Every structure is written in structure tokens, then in C-alpha cells.
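Under the working numbering, think of the first position of the sequence shown as 351, with each following residue one higher.
Only one structure is covered here, and it is reproduced in the block below.
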Amino acid sequence: MFIELVDSLRCLEPHDETWLVAAASRMDGRHLIDGVLGCPVCRRTYAVRNGTASFSKRQPDEADRDLTTLVADADPVHLTRAAALLDLSQPGGIVVLGGSWAAYADAVAELGVAHVVVLNARGSEASAQEVSSIVVDDRLPFGPAALRGVAVDGSAALPSLLSSTALLLRSRGRLVAPSDAAVPDGVEVLARDDRVWVAERTVVASPPVALQLGVRR
Ligand SMILES: [Zn+2]
Numbered sequence: 351m352f353i354e355l356v357d358s359l360r361c362l363e364p365h366d367e368t369w370l371v372a373a374a375s376r377m378d379g380r381h382l383i384d385g386v387l388g389c390p391v392c393r394r395t396y397a398v399r400n401g402t403a404s405f406s407k408r409q410p411d412e413a414d415r416d417l418t419t420l421v422a423d424a425d426p427v428h429l430t431r432a433a434a435l436l437d438l439s440q441p442g443g444i445v446v447l448g449g450s451w452a453a454y455a456d457a458v459a460e461l462g463v464a465h466v467v468v469l470n471a472r473g474s475e476a477s478a479q480e481v482s483s484i485v486v487d488d489r490l491p492f493g494p495a496a497l498r499g500v501a502v503d504g505s506a507a508l509p510s511l512l513s514s515t516a517l518l519l520r521s522r523g524r525l526v527a528p529s530d531a532a533v534p535d536g537v538e539v540l541a542r543d544d545r546v547w548v549a550e551r552t553v554v555a556s557p558p559v560a561l562q563l564g565v566r567r
């Protein structure tokens with residue numbers, strides 16, 4: 351878990367949106383390997399073990415068992431397609447990959463245009479410093495408009511995850527899901543084929559946010 355990603359993470363409990371406070375027991379460079387993320391409002395804690403932060407309500411051992419280890423797909427044609435669907439032409443932001451999309455994590459990270467977060471998978475030994483992994487159930491631990499793109503399928507493409515994730519995308523952020531998944535509110539489908547649909551977050555009407563587009567902290 352890349353330490354700077356912690357700024358974008360939010361407690362999953364139903365209270366006012368709040369950031370999480372990291373307490374590290376082991377770091378590797380700028381990566382949090384072991385430690386805990388704590389919510390200052392409700393005191394819920396989220397464990398970080400072996401570099402993976404768990405936002406699951408399941409027991410850590412059970413969630414660990416379900417973690418797949420990434421097998422990288424380095425086929426340039428597949429990567430080009432993934433980059434196009436996620437609209438990775440401009441740098442900046444966070445991209446979340448779940449299910450079979452996680453196989454592109456290393457390759458997308460190497461493009462150097464986004465920080466990559468994989469769901470329910472352990473990064474490969476070779477994972478670039480730009481890949482973080484988190485364990486989730488049916489919601490992502492980010493605030494509104496925090497994400498630039500999300501691609502999920504398989505067990506990661508739960509209807510509840512898709513509907514909640516749509517609201518976490520920034521204006522024109524991309525959501526890629528299996529073609530048979532219901533399209534949630536808040537996004538408009540741009541294209542679909544027999545495998546996936548790709549949708550775009552409808553523009554969130556908020557002038558202050560719009561004025562800050564493109565400004566990086
Ligand atoms: Zn909380």
C-alpha cells in the first residue's frame with residue numbers, strides 16, 4: 351500500500367466523510383507493509399498486512415485465503431485496450447482494477463499515468479511501486495470523485511459495488527464492467543460489446559470542483 355494513497359481512503363462506516371490515520375509497524379520505502387488504518391470518528395480500524403489493507407468485514411485469515419496472486423498480462427494489445435477503455439491518455443489520479451483486470455496492474459502502473467489499486471489480489475513480487483492492494487466486500491473505501499477509472503469483473507463486479515463505485519468517480523471518470531451487469535445510476539454508457547460496457551461518470555455539477563480540474567496537489 352503506497353503511503354500517499356492513504357490520503358484518498360475513507361472510512362466505510364455511515365458517518366461524515368473522514369480520512370484515515372495510518373500507524374505503521376513496518377514500511378518499505380514509501381510503502382506501508384504492516385500497520386493499521388484508524389478512523390478518528392468511529393474508531394474502526396483496518397489492518398494492513400503484508401502490504402495489503404483490508405476493508406472487508408470478514409476475518410483477516412478468511413480474507414487472506416481468498417486473495418489471488420496476480421499473474422501479469424503483458425500482452426500489449428490487451429494493455430492498449432484496457433488503457434483506451436479507462437481513458438488513460440492524461441496523467442494523474444487513481445485507477446482501481448478488480449477481477450481479471452487486476453492482471454494489467456503492473457503494466458498500467460508502468461505507463462506512469464495513474465496510481466493503480468488492485469482489489470482482492472496480492473501484487474506480484476515485481477509489482478511496481480505504483481501498485482497498492484486492498485481487500486473489499488461490496489464497497490470501495492474512497493470518497494466522492496476520488497477515482498478516475500474502475501474496471502471490474504467476476505466476483506468484484508457485484509451490483510452493490512458497481513452502484514456505490516459510480517458515485518466515487520470524478521466527472522467523466524470511467525467505469526468498465528461485464529456486459530451483462532446492470533448499469534448503475536450516475537454513469538452513461540459510452541460503448542459496449544459482447545464482453546464489457548464502458549461508462550462515463552456524468553458531469554458532477556459543482557463549479558468549485560470543475561475549476562480545480564487538472565490542478566494536482
Ligand atoms: Zn469511521
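All C-beta atoms in this analysis are idealised placements derived from N, C-alpha and C, irrespective of residue type, glycine included.
It should be emphasised that the depicted structure is a prediction, and the values quoted were computed from it without experimental measurement.
According to DSSP, residue i sits in a beta bridge with which residue or residues?
i: R542; result: W547
i: R431; result: In the DSSP output, where bridge partners are listed per residue, R431 has none listed.
i: F352; result: H381
i: A403; result: V398, I484
i: V537; result: R551
i: P528; result: V546
i: V359; result: The sequence given here has Leu at residue 359, not Val. According to DSSP, which records beta bridges pairwise, L359 is partnered with F492.
Using C-beta distances below 6 Å, list every residue in its chain close to residue i, excluding the 5 sequence neighbours before and after it, in chain order.
i: D437; result: R524
i: A459; result: V466, A478, E480, V481
i: L540; result: V548, E550
i: L511; result: D488
i: D503; result: G449, S450, P528
i: A495; result: R520
i: R376; result: I383, D384
i: E367; result: R360, G493
i: A373; result: G385, V386
i: A560; result: No answer about A560 holds up, because its pLDDT of 49 lies below 50 and its placement is not dependable.
Spatial neighbours of residue i within its chain, please: C-beta separation below 7 Å, excluding the five flanking residues on both sides.
i: V421; result: A453
i: G536; result: A516, L517, R551, T552
i: V398; result: M351, L382, D384, G385, V386, L387
Going by the C-beta, is residue i closer than 8 Å to any heavy atom of ligand 1?
i: R489; result: no
i: V391; result: yes
i: H365; result: yes
i: R542; result: no
i: T368; result: yes
i: R545; result: no
i: R472; result: no
i: R327; result: Here the chain covers residues 351 to 567 and nothing more, so residue 327 does not appear.
i: R394; result: yes
By Cβ distance below 8 Å, which residues in the same chain neighbour residue i in space, the five residues on each side in sequence not counted?
i: R400; result: The sequence given here places Asn at residue 400; Arg does not occur at that position. The answer, listed in chain order, is I383, D384, R472.
i: A424; result: D456, A457
i: D357; result: W369
i: R394; result: C361, L362, E363, G388
Just confirm the distance between the C-beta atoms of residue i and residue j, as a whole number of angstroms; I'd bet it's less than 8 Å.
i: L461; j: A433; result: 7 Å
i: V500; j: V446; result: 4 Å
i: F405; j: V485; result: 6 Å
i: I444; j: L490; result: Contact doesn't hold; Cβ gap of about 10 Å is too wide.
i: T344; j: S483; result: It is not possible to answer for residue 344, since the shown part of the chain is limited to 351 through 567.
Just list the beta strand (DSSP E) runs in the region 437-520, keeping only unbroken ones of 3 residues or longer that don't cross its boundaries, in chain order. 444-447, 465-469, 481-485, 497-501
Which parts of the region 364-392 are runs of the beta strand (DSSP E), unbroken and 3 residues or longer, counting only runs that do not cross its ends? 371-378, 381-388
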